[in-house]
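These notes concern the structure reproduced below.
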Amino acid sequence: MDQSAKIYVAGHRGLVGSAIVRQLQAAGHTRLLLRTHAELDLTDEHATRAFFDAERPDHVFLAAAKVGGIVANNTYPAEFIRDNLAIQTNVIHAAYLSGVQRLMFLGSSCIYPKLAAQPMREDALLTGPLEPTNRPYALAKIAGIEMCWSYNRQYGTKYLAAMPTNLYGPGDNYHPQNSHVIPALLRKFHEGKQRGDSTVTVWGSGTPRREFLYSDDMAEACVFLMNLPDDRYAALLGSDESVTGRFEPPLINVGVGHDITIRELAELVRDVVGYRGEIVYDATKPDGTPRKLMDVGRLGAAGWTARTPFAEGLKRAYAEFVATLDPAAA
Numbered sequence: 002m003d004q005s006a007k008i009y010v011a012g013h014r015g016l017v018g019s020a021i022v023r024q025l026q027a028a029g030h031t032r033l034l035l036r037t038h039a040e041l042d043l044t045d046e047h048a049t050r051a052f053f054d055a056e057r058p059d060h061v062f063l064a065a066a067k068v069g070g071i072v073a074n075n076t077y078p079a080e081f082i083r084d085n086l087a088i089q090t091n092v093i094h095a096a097y098l099s100g101v102q103r104l105m106f107l108g109s110s111c112i113y114p115k116l117a118a119q120p121m122r123e124d125a126l127l128t129g130p131l132e133p134t135n136r137p138y139a140l141a142k143i144a145g146i147e148m149c150w151s152y153n154r155q156y157g158t159k160y161l162a163a164m165p166t167n168l169y170g171p172g173d174n175y176h177p178q179n180s181h182v183i184p185a186l187l188r189k190f191h192e193g194k195q196r197g198d199s200t201v202t203v204w205g206s207g208t209p210r211r212e213f214l215y216s217d218d219m220a221e222a223c224v225f226l227m228n229l230p231d232d233r234y235a236a237l238l239g240s241d242e243s244v245t246g247r248f249e250p251p252l253i254n255v256g257v258g259h260d261i262t263i264r265e266l267a268e269l270v271r272d273v274v275g276y277r278g279e280i281v282y283d284a285t286k287p288d289g290t291p292r293k294l295m296d297v298g299r300l301g302a303a304g305w306t307a308r309t310p311f312a313e314g315l316k317r318a319y320a321e322f323v324a325t326l327d328p329a330a331a
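Mapping to the numbering used here: the sequence shown position 283 is 284, numbers consecutive.
Structural data, given as structure tokens:
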């Protein structure tokens with residue numbers, strides 16, 4: 002991506018999109034196309050086409066999505082599959098029609114089977130049942146991968162799907178019910194500390210294992226991949242299985258390659274926040290997938306590894322939470 006390229010970051014206000022914008026700006030890119038949901042509803046096919054026809058971006062980071070934690074996924078399954086299918090279908094097709102050079106489709110590690118062999122390699126896709134609590138979202142993202150693959154095969158496009166592990170960092174969603182595990186825990190322990198609660202309750206048994214990646218590291222990986230030379234980038238774009246006989250989707254995992262238990266995470270967050278009470282685990286609440294560790298061998302072979310230590314990332318995330326959502330306590 003040269004400095005004169007027009008780059009559209011869909012979902013630029015979200016956790017991933019905002020980090021990508023920061024990374025692109027730091028790299029000197031000034032021709033960024035940014036639209037809020039109010040300015041451009043990506044579930045609207047005609048509005049999406051009109052935007053691409055008018056702006057003609059050279060590259061696209063598709064980070065726009067309806068996202069949420071286990072509660073949101075359980076509560077709004079219809080919206081999760083409907084909105085995500087609409088967004089990615091409209092953007093990917095409009096990108097093809099307007100001649101976008103490279104597109105990166107951002108997904109999630111939940112695309113892999115609930116009981117996939119650990120660590121999860123890219124070829125684990127479609128090899129088993131999904132975790133039921135987020136199946137609608139996962140199926141939408143799998144459809145997005147297939148759409149990128151199909152357009153690459155039929156039209157010669159250069160669309161790559163990047164699947165991040167669990168992300169956290171500046172710009173996260175701290176909603177009490179609809180957030181992911183790290184922002185949810187940061188908020189719980191912070192509020193418990195402010196109220197002087199003797200206990201804080203964490204959902205589940207605490208035994209599932211999760212991998213976490215700082216959002217700015219994720220953005221760095223995305224920009225790194227989009228800047229690969231043509232031959233190295235093309236090697237990531239999958240193959241036509243009917244010709245090669247190999248299952249090779251245009252898919253790459255983005256993670257750190259190691260994980261911790263939810264119990265260990267809760268204790269780390271408690272320490273970062275400075276909460277002094279006890280942690281209670283509510284085993285009546287769902288645990289979700291037992292383990293979701295990404296195999297990042299393909300990414301490492303491409304030349305990138307994560308840099309932010311987890312404890313440091315948590316401190317930054319908590320400082321941002323306090324500064325932006327609880328300014329009186331900052």
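Glycine included, every Cβ here is placed at the ideal spot set by N, Cα and C.
Since the model is a prediction, treat every value here as computed from it, not as a measurement.
Residue interval of the beta strand (DSSP E) (run including residue i)
| i | result |
| --- | --- |
| Glu279 | 279–283 |
| Ala11 | 8–11 |
Option nearest residue i by Cα separation, candidates the options
| i | options | result |
| --- | --- | --- |
| Phe248 | Gly18, Ile146, Gln195 | Ile146 |
| Met105 | Asp59, Pro137, Thr134 | Asp59 |
| Glu279 | Glu268, Pro287, Gly289 | Glu268 |
| Gly170 | Lys7, Val323, Ala11, His38 | Val323 |
| Asp198 | Phe52, Arg277, Val68 | Arg277 |
| Glu265 | Tyr97, Leu186, Arg57 | Leu186 |
| Pro133 | Met227, Lys115, Val297, Trp150 | Lys115 |
| Ala96 | Ser240, Gly18, Tyr156 | Tyr156 |
| Gln250 | Ser243, Asp45, Leu237 | Sequence check: residue 250 is Pro here, not Gln. Checking every option, the nearest Cα to that of Pro250 belongs to Leu237. |
| Ala11 | Gly69, His47, Ala73, Leu107 | Leu107 |
| Ile253 | Pro165, Ser5, Ile263 | Pro165 |
| Gln4 | Leu98, Gly18, Thr44, Leu25 | Leu25 |
| Arg299 | Ala320, Phe52, Lys293, Tyr234 | Tyr234 |
| Gln119 | Met295, Arg136, Pro310, Thr309 | Met295 |
| Met148 | Thr128, His47, Ala87 | Ala87 |
| Met2 | Leu214, Trp150, Gly29 | Gly29 |
| Ala73 | Ala307, Leu168, Arg136, Leu161 | Arg136 |
| Ala162 | Leu127, Val255, Ser216 | Val255 |
| Tyr175 | Gly69, Ile8, Arg32, Gly18 | Gly69 |
| Arg188 | Asp231, Ala222, Gly275, Ala220 | Gly275 |
| Glu212 | Asp232, Phe52, Pro310 | Pro310 |
| His181 | Ala307, Asn75, Arg308 | Asn75 |
| Tyr282 | Asn167, Ala307, Thr200, Gly239 | Thr200 |
| Lys159 | Asn167, Ser19, Ser240, Leu126 | Ser240 |
Residue i - containing alpha helix (DSSP H), residue span
| i | result |
| --- | --- |
| Tyr113 | Run containing Tyr113: none; DSSP gives neither H nor E here. |
| Ala117 | Where Ala117 is concerned, there is no enclosing alpha helix (DSSP H), given that its DSSP letter is neither H nor E. |
| Leu140 | 136–156 |
Three-state secondary structure (DSSP) of residue i
| i | result |
| --- | --- |
| Leu98 | helix |
| Val297 | coil |
| Trp204 | strand |
| Phe190 | helix |
| Tyr175 | coil |
| Ala331 | In this prediction, Ala331 has a pLDDT of 47, which is less than 50 and means its spatial position is unreliable; what the coordinates show is noted afterwards. Three-state DSSP puts Ala331 in coil, outside helix and strand. |
| Ala162 | strand |
| Arg308 | coil |
| Leu214 | strand |
| Leu168 | strand |
| Glu321 | helix |
| Met105 | strand |
| Glu132 | coil |
| Pro209 | coil |
| Gln4 | coil |
| Gly197 | coil |
| Ala315 | The sequence shown places Leu at residue 315, rather than the Ala named in the question. In the structure shown, Leu315 sits in a helix (DSSP, three-state: H, G or I). |
| Pro184 | helix |
Contact test: residue i Cβ vs the ligand COA heavy atom, cutoff 7 Å
| i | result |
| --- | --- |
| Thr49 | In the structure on display, the ligand COA does not appear, and there are no ligands present to speak of. |
**Study point:** Those runs of the alpha helix (DSSP H) which lie wholly inside the region 14–96 and span at least 4 residues
**Key:** 16–27, 46–56, 71–76
Exercise for review: Would you check if there are 3 or more beta carbon pairs closer than 8 Å linking the region 58–65 to the region 255–269?
Suggested key: no
Review point. Any contact of the region 82–91 with the region 187–205, i.e. 3+ C-beta pairs under 8 Å?
Key: no
Exercise for review: Just list the beta strand (DSSP E) runs in the region 222–297, keeping only unbroken ones of 3 residues or longer that don't cross its boundaries, in chain order.
Suggested key: 252–255, 279–283
**Study point:** Cβ contact (3+ pairs, closer than 8 Å) linking the region 72–85 and the region 26–38
**Key:** no
Review point. Between the region 203–215 and the region 281–295, are three or more C-beta pairs nearer than 8 Å?
Key: yes
Check your understanding: Can you find at least 3 beta carbon pairs, one from the region 140–156 and one from the region 108–122, that sit closer than 8 Å?
Key -> yes
Check your understanding: Is the region 216–230 close to the region 298–308, with three or more CB pairs under 8 Å?
Key -> yes
**Study point:** Cβ contact (3+ pairs, closer than 8 Å) linking the region 237–246 and the region 310–322
**Key:** no
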